[in-house]
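Participant: Before anything else, here's the structure in question.
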Amino acid sequence: MENDPLRIGIVGLGTVGASVVNLLHNEAGALAHRSPRPLQVVAVSARDAGRSRGLDLSNIQWMDDPVALATHPDVDVVVELVGGAEGTARAVVEAALTAGKSVITANKSLLAHHGFALAQLAEKNGATLAFEAAVAGGIPIIKALREGGAANTIEKFYGILNGTCNYILTTMKKTRADFADVLAEAQHLGYAEADPSFDIDGTDTAHKLAILSSIAFGTRVDLGAVQCEGIRSVVFEDIQMADSLGYVIKLLGFAEKRGDAVSQRVYPCLVPKNAVIAPVDDVYNAVVFFGDYVGQVMIQGRGAGGNPTASAVVADLLDLANGRVSSAFGRKTENLAIAAPVPEESHEGCFYVRLMVLDKAGVVAQIASELSKEGISIKTLTQREQKIQGAVPLVFTTHACREAVMKRVLSHLESSDFLSAKPTMLRIEY
Ligand SMILES: NC(=O)c1ccc[n+]([C@@H]2O[C@H](COP(=O)([O-])OP(=O)(O)OC[C@H]3O[C@@H](n4cnc5c(N)ncnc54)[C@H](OP(=O)(O)O)[C@@H]3O)[C@@H](O)[C@H]2O)c1
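Under our numbering, the first residue of the sequence shown is numbered 1176, with each subsequent residue one higher.
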């Protein structure tokens, strides 16, 4: 048994599944030195049996029914690479775990929605649920938090967790192009899906943040508690203004433990150019975490793509083959606490605000007066001369204040007669 092959069943042979099959085939010799048991793919399943995939599937059983694969007696471990929180992916993972078979998955959506219940199911049936590939693709951030950093109390972490958004924001800056044009180019290059909402509305980042929070803080995955805003409202003007003020704009996910509560936030924000995460551009991902003993740790690399993601899937397979098993979220499920969310309005920080103002006398004085009435102090104020559709951009940054107060001021300003559009508010972080 100890040296018997680890018999692998793979469901899903798309970008990631095909790369996993290729990696296991092409690197079999090197992997054999790292595993007491040969890693052997014995069965595969996908939607279309007739599709040409350019894969060598000889001696591998094709199964039309993915759930039958998941429970097949010849399969020791099921690799789920279909995607989605429900449907086939969920049915496959639940069937395998119920049958006591370990599961490796790259499916952040499934884990963000059902991670706690699936971890309980794995535990009940003596199976392992592993998902290094589900967060930040090839970056071993799960291992870093769950094993490498396990001696620490993690206070907080933040990261660039979506390569598509990072690519769009970076390219807007480099090419001075508008969001819509860059998004179209990203879709053409295969960096963004035909329906990009999952990425650009921050949902994908929220999924990954919820999974990492559970591991970092020992709490149950709570996707509903993530405050989430995407990058649709970021225009080139903001990127340019941020640059002249010494910042870059990034879509970040933040998580922080505050007593028994956990704050989880996803939004585009201004980051100083000298911040460690600021130079992480294009499709790259990065996570920075803070442990009480280790201090600050940053890990960065390719957060998506077939090969980087397959690298993480095969690392999980090697762990299984070597008998290195961990609880899914780093603790038994009975030790995962239910954390209260931190209300969004209690957030305190500095803000960047862009107002499109009509050319009228006394406008700046009125804005300054509204801010000072609420005790918000202005750090910088810039007015551009160039008119955009009859209005000029007036940008101010603030010293630290409560988010609720900032929003109240902006809602007052919105009803004034000198603004041509809704104010844009971005947080300034780090
Ligand atoms: N792509 C990445 O860079 C990346 C990075 C990190 C994590 N992930 C995650 O990895 C997973 C797979 O992503 P992917 O990009 O490889 O997706 P993909 O290219 O769309 O491949 C999905 C695969 O699942 C199969 N499939 C879909 N519906 C099915 C069904 N009802 N029954 C059986 N098979 C079905 C498809 O079959 P056919 O081939 O026959 O259509 C295809 O082989 C997802 O959870 C994703 O979030 C992806």
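Using N, Cα and C, we set each Cβ at its ideal position, and we do this for glycine too. Computed from a predicted structure; not experimentally measured.
Please tell me whether G1377 and V1441 are closer than 7 Å, where the distance is taken between their beta carbons.
Facilitator: Here residue 1377 refers to the residue found at position 202 when the sequence shown is read from its first residue. Here residue 1441 refers to the residue found at position 266 when the sequence shown is read from its first residue. For G1377 and V1441, yes; Cβs fall inside 7 Å.
Participant: Locate the alpha helix (DSSP H) running through S1544, then write down its first and last residues.
Facilitator: Numbered from 1 along the sequence shown, position 369 holds the residue referred to as residue 1544. Looking at the DSSP string, the run of the alpha helix (DSSP H) that includes S1544 is V1538 to K1548.
Participant: So L1296 packs on E1269, CB below 8 Å; how close in whole Å?
Facilitator: Here residue 1296 is taken as the residue at index 121 of the sequence shown, counted from 1. Here residue 1269 is taken as the residue at index 94 of the sequence shown, counted from 1. At roughly 7 Å, the Cβ-Cβ gap stays under 8 Å, so L1296 and E1269 are in contact.
Participant: State the Cα-Cα distance for the pair A1193 and L1556, rounded to the nearest angstrom.
Facilitator: Taking the first residue of the sequence shown as 1, we reach residue 1193 at position 18. Taking the first residue of the sequence shown as 1, we reach residue 1556 at position 381. Cα to Cα, A1193 sits roughly 53 Å from L1556.
Participant: Provide the residue span of the beta strand (DSSP E) that contains K1554, from first to last.
Facilitator: Position 379 of the sequence shown, counted from the first residue, corresponds to residue 1554. DSSP places K1554 in the uninterrupted beta strand (DSSP E) bounded by I1553 to Q1558.
Participant: Expressed to the nearest angstrom, what Euclidean distance is found between the alpha-carbon atoms of Q1561 and I1542?
Facilitator: What you label residue 1561 is simply residue 386 of the sequence shown in a count that begins at 1. What you label residue 1542 is simply residue 367 of the sequence shown in a count that begins at 1. Approximately 20 Å between the Cα atoms of the pair.
Participant: How about D1251: is its C-beta nearer than 7 Å to some C-beta of chain C?
Facilitator: Among the protein chains of the structure shown there is no chain C, as only one such chain exists.
Participant: Would you mind sorting Y1468 into buried or exposed? The rule is 16 or more other CB atoms within 10 Å of its CB.
Facilitator: As a first step, residue 1468 must be located in the sequence shown, where it is residue number 293. Classification for Y1468: exposed.
Participant: Can you determine whether any heavy atom of ligand 1 sits closer than 6 Å to the C-beta of L1304, and answer yes or no?
Facilitator: Here the question's residue 1304 lines up with position 129 in the sequence shown. No.
Participant: Helix or strand or just coil, what does DSSP make of L1256?
Facilitator: If you number the sequence shown from 1, residue 1256 lands on position 81. Here L1256 sits in coil by DSSP.
Participant: Between which two residues does the alpha helix (DSSP H) carrying Q1561 extend?
Facilitator: Mapped onto the sequence shown, residue 1561 falls at position 386. Unbroken run through Q1561: none, as it is neither H nor E.
Participant: Over what stretch of residues does the alpha helix (DSSP H) that includes S1284 continue unbroken?
Facilitator: Within the sequence shown, residue 1284 is the residue found at index 109, counting from 1. Taken as a continuous stretch (DSSP letters only), the alpha helix (DSSP H) holding S1284 covers K1283 to K1299.
Participant: Hey, would you say Y1342 sits closer than 7 Å to V1458, going by beta carbons?
Facilitator: By one-based count along the sequence shown, residue 1342 stands at place 167. By one-based count along the sequence shown, residue 1458 stands at place 283. Contact flag set, yes.
Participant: Please state the DSSP three-state secondary structure of N1460.
Facilitator: Residue numbering aside, residue 1460 sits at position 285 when the sequence shown is read from its first letter. N1460 falls in the strand class under three-state DSSP.
Participant: Sort G1258, A1352 and A1205 by Cα distance to H1382 and report the nearest one.
Facilitator: As a position in the sequence shown, residue 1382 is number 207, starting the count at 1. Taking only the C-alpha atoms, the option nearest H1382 is G1258.
Participant: Using a Cβ-based criterion (distance less than 6 Å to any ligand heavy atom), does L1198 qualify as near ligand 1?
Facilitator: Taking the sequence shown and counting its residues from 1, one reaches residue 1198 at position 23. L1198: no, Cβ never under 6 Å from ligand 1.
Participant: Specify the secondary structure class of R1440 as computed by DSSP and reduced to three states.
Facilitator: As a first step, residue 1440 must be located in the sequence shown, where it is residue number 265. DSSP, read as helix, strand or coil, puts R1440 in strand.
Participant: Determine the DSSP secondary structure at S1233, reduced to helix, strand or coil.
Facilitator: Counting from one through the sequence shown, the residue named residue 1233 turns up at place 58. It is coil, neither helix nor strand.
Participant: From the DSSP secondary-structure annotation, give me the bridge partner or partners of S1277.
Facilitator: Taking the sequence shown and counting its residues from 1, one reaches residue 1277 at position 102. Bridge partners of S1277: V1252.
Participant: Assign V1500 to buried or exposed, taking buried as 16 or more other Cβ atoms, counted over all protein chains shown, within 10 Å of its Cβ.
Facilitator: In the sequence shown, the residue the question calls residue 1500 occupies position 325. That one is exposed.
Participant: For ligand 1, I want to know if P1241 counts as a neighbour, meaning its beta carbon is within less than 6 Å of at least one of the ligand's heavy atoms.
Facilitator: The sequence position of residue 1241 within the sequence shown is 66, counting from 1. Checking the Cβ of P1241 against ligand 1 gives yes.
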